[in-house]
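Undergrad:
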Amino acid sequence: MANVANKIGVLGAGQLGRMLAQSGAPLGKEFGFYGVSENEPAAQLGHAFFASKETKSLGDLVTFSDVITYESENTDVALVREIAKTTPVYPAEKSLYMSQHRGREKGLFDQLNIPCAPYQIVDSLESLQQAVEEIGLPAVLKTTTEGYDGKGQFVLKESTQIEQAWAEIGGKELVLEGFIDFQRELSMIAVRNANNEHVYYPLVQNVHHEGILRYTIAPARQVSEALQQQAEGYMQGLLDALDHVGVLTLELFDTLDGLVANEMAPRVHNSGHWTQDGAVTDQFENHVRAITGMPLGDTSVCQPLAAMINIIGKTGPVEKVQNMPNVFLHLYGKEERPNRKLGHINIVADSEEALFETFKALSDFLP
Ligand SMILES: Nc1ncnc2c1ncn2[C@@H]1O[C@H](COP(=O)(O)OP(=O)(O)OP(=O)(O)O)[C@@H](O)[C@H]1O
Ligand SMILES: [Mg+2]
């Protein structure tokens with residue numbers, strides 16, 4: 004395997020980049036961030052390269068870096084292909100290309116026999132009407148690209164809503180998905196390095212409110228060994244098919260008929276933030292290890308239970324958190340704005356009762 008890389012360039016300078024730097028620094032890694040402004044969360048934790056500065060450009064980031072990674076699946080594939088001519092980019096183009104388009108992503112799930120919602124790509128009102136007839140209602144209409152935090156989605160309950168849905172989010176390529184009647188939402192984070200080592204974190208449970216992740220419980224309760232193995236099998240299939248290097252996240256619906264894949268992300272993920280305080284090696288360190296040619300770290304959970312609560316929109320009474328045992332505050336240095344992810348609170352607990360008590364004490368941060 005190639006020499007260990009020490010200078011990491013990140014396309015983006017948000018909280019994910021910031022946490023990559025926080026976990027990568029103890030391994031001797033140096034970071035450069037390509038973003039839009041020095042006020043972004045990661046800017047103070049590494050060398051900053053900004054589009055607006057003439058002296059420090061994307062070209063300078065590439066020159067600085069031994070390896071490049073990115074914060075978002077919406078990163079331009081053509082840009083990544085261009086950079087990869089001179090500097091390795093991980094996860095590589097294929098992972099990015101497949102996961103930034105809901106149609107391609109579902110095509111891959113089909114190919115690997117990973118169950119997902121019935122779906123159809125539509126690009127006109129007529130094709131939407133046709134798709135509704137075939138898939139049935141309720142159904143979820145989504146933009147094929149660039150959705151996040153539930154944006155660019157319309158839940159169709161009645162066929163009388165079809166025109167409204169097309170008017171609101173149509174005019175471009177969309178995907179209509181059958182509505183999945185899930186018991187709960189789960190996700191799994193897996194990591195692969197270029198030496199073909201694979202590691203998996205336990206399945207976690209995610210609770211969303213108005214399309215935004217509000218909290219995660221890790222490991223998810225009542226997960227049989229068989230369910231964990233099944234999810235690991237799906238992830239292994241994806242990692243190998245993509246020749247993926249780095250963290251890969253898979254969001255799943257847990258239904259009475261078994262696991263159904265929702266979507267994947269070729270990056271560290273909000274549902275893995277608990278690993279910073281609850282796992283032997285956190286997802287950020289493992290991503291850094293994977294993309295720089297290091298062996299992967301232990302994904303075991305340290306305490307019986309861990310959790311993560313997102314701080315959304317308003318920072319809230321964070322002083323409460325400062326002297327609570329087994330509670331860890333992570334702020335991103337962002338200004339308050341409705342629906343914005345400003346930070347998160349991690350919790351570790353030795354029992355469900357202890358976790359429940361801590362959740363009660365932190366109710367100000369829950370929806
Ligand atoms: N087919 C479906 N059936 C039932 N619920 C769904 C379906 N698709 C999405 N949802 C609900 O909407 C949420 C957001 O959907 P999805 O993950 O596709 O969007 P997103 O905007 O990419 O979200 P994020 O970036 O937050 O992961 C899901 O977590 C789930 O709660
Ligand atoms: Mg999602």
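Just so it is clear: in the sequence shown, position 219 is 222 by this note's numbering, and no numbers are missing. All residues carry an ideal CB built from backbone N, CA and C; glycine is no exception. Being a predicted model, the structure only gives us computed values, none of them experimental.
1) Report whether the distance from the Cβ of Y204 to the nearest heavy atom of ligand 1 is below 8 Å.
2) On the premise that D257 lies in contact with F359, defined as a C-beta separation below 8 Å, what is that separation, rounded to the nearest angstrom?
3) Could you check the C-alpha separation between M22 and V80 for me, to the nearest Å?
4) Which residues are close to ligand 2, meaning CB closer than 7 Å to any heavy atom, in chain order?
5) Report, in whole angstroms, the separation of the C-beta atoms of A234 and L251, which I expect to be a contact under 8 Å.
6) What three-state label does DSSP hand I165 in the structure shown?
7) Identify the continuous alpha helix (DSSP H) that holds H212 and give its terminal residues.
8) Unbroken alpha helix (DSSP H) runs of length 4 or more, entirely within the region 258-302: which are they?
9) When the Cα of I312 is compared with those of D301, H290, I350, C305, which residue comes out closest?
10) In terms of residues, what are the limits of the alpha helix (DSSP H) holding F362?
11) Within the same chain, show all residues whose beta-carbon is closer than 8 Å to that of E188, passing over the 5 residues directly before and after it, in chain order.
12) Which word fits V194, buried or exposed, when buried means at least 16 other C-beta atoms lie within 10 angstroms of its C-beta?
13) Take A16 and list the residues in its own chain whose beta-carbon comes closer than 6 Å to its own, dropping the five residues that flank it on each side.
14) For the 8 Å Cβ check, are there 3 or more pairs between the region 217-234 and the region 267-282?
15) Do the region 90-108 and the region 315-322 touch if we need at least three Cβ pairs shorter than 8 Å?
16) Whole angstroms are fine: how far does the CA of L131 sit from the CA of M4?
17) With a floor of 3 residues, list each beta strand (DSSP E) that falls wholly inside the region 30-110, ordered by position along the chain.
18) Should V324 be labelled buried (16 or more other beta-carbon atoms within 10 Å of its own) or exposed?
19) Can you tell me which of L206, L19, N9, S102 puts its alpha carbon nearest to the alpha carbon of A229?
TA: A quick look at the data gives this:
1) Taking the sequence shown and counting its residues from 1, one reaches residue 204 at position 201. Checking every heavy atom of ligand 1 against the Cβ of Y204, none is found closer than 8 Å.
2) Against the sequence shown, residue 359 aligns to sequence position 356. Against the sequence shown, residue 257 aligns to sequence position 254. The Cβ separation is near 21 Å, so there is no contact.
3) Looking up residue 22 in the sequence shown gives position 19. Looking up residue 80 in the sequence shown gives position 77. If you draw a straight line from the Cα of M22 to the Cα of V80, it is about 24 Å long.
4) For ligand 2, the selected residues are E254, N265, E266.
5) In the sequence shown, residue 234 corresponds to position 231, counting from 1. In the sequence shown, residue 251 corresponds to position 248, counting from 1. Not really, about 12 Å apart at Cβ, beyond 8 Å.
6) Residue mapping note: residue 165 aligns to position 162 of the sequence shown, counting from 1. Taken through DSSP and simplified to helix, strand or coil, I165 comes out as helix.
7) As a first step, residue 212 is located in the sequence shown; it is residue number 209 there, counting from the start. From DSSP, H212 is part of no alpha helix (DSSP H) but of the beta strand (DSSP E) over 207-212.
8) As far as the region 258-302 is concerned, its whole alpha helix (DSSP H) runs of at least 4 residues are 278-281, 286-294.
9) To locate residue 312, count along the sequence shown from 1; it is residue 309. Ranking D301, H290, I350, C305 by Cα distance to I312 puts I350 first.
10) Residue mapping note: residue 362 aligns to position 359 of the sequence shown, counting from 1. Boundaries of the alpha helix (DSSP H) around F362: 355-364.
11) Position 185 of the sequence shown holds residue 188. Contacts found: Q208, N209, V210, H211, E254, L255, F256, D257, N265.
12) Locating residue 194 in the sequence shown gives position 191, where the first residue counts as 1. With 16 or more Cβ atoms within 10 Å of its Cβ, V194 is classed as buried.
13) The count along the sequence shown starts at 1 and reaches residue 16 at position 13. The answer, listed in chain order, is F36, G38, E43, A45, A46.
14) Flag = yes, the region 217-234 and the region 267-282 touch.
15) These segments do not touch.
16) By 1-based counting over the sequence shown, the position of residue 4 is 1. By 1-based counting over the sequence shown, the position of residue 131 is 128. Residue placement at M4 is flagged as unreliable, the pLDDT there being 43, under the threshold of 50; the coordinate-derived value follows with that caveat. Looking at the two C-alpha atoms, the distance is approximately 49 Å.
17) Correct list: 33-38, 50-53, 70-73.
18) Taking the first residue of the sequence shown as 1, we reach residue 324 at position 321. Label assigned to V324: buried.
19) As a first step, residue 229 must be located in the sequence shown, where it is residue number 226. For the options L206, L19, N9, S102, the alpha carbon positioned closest to that of A229 is the one of L206.
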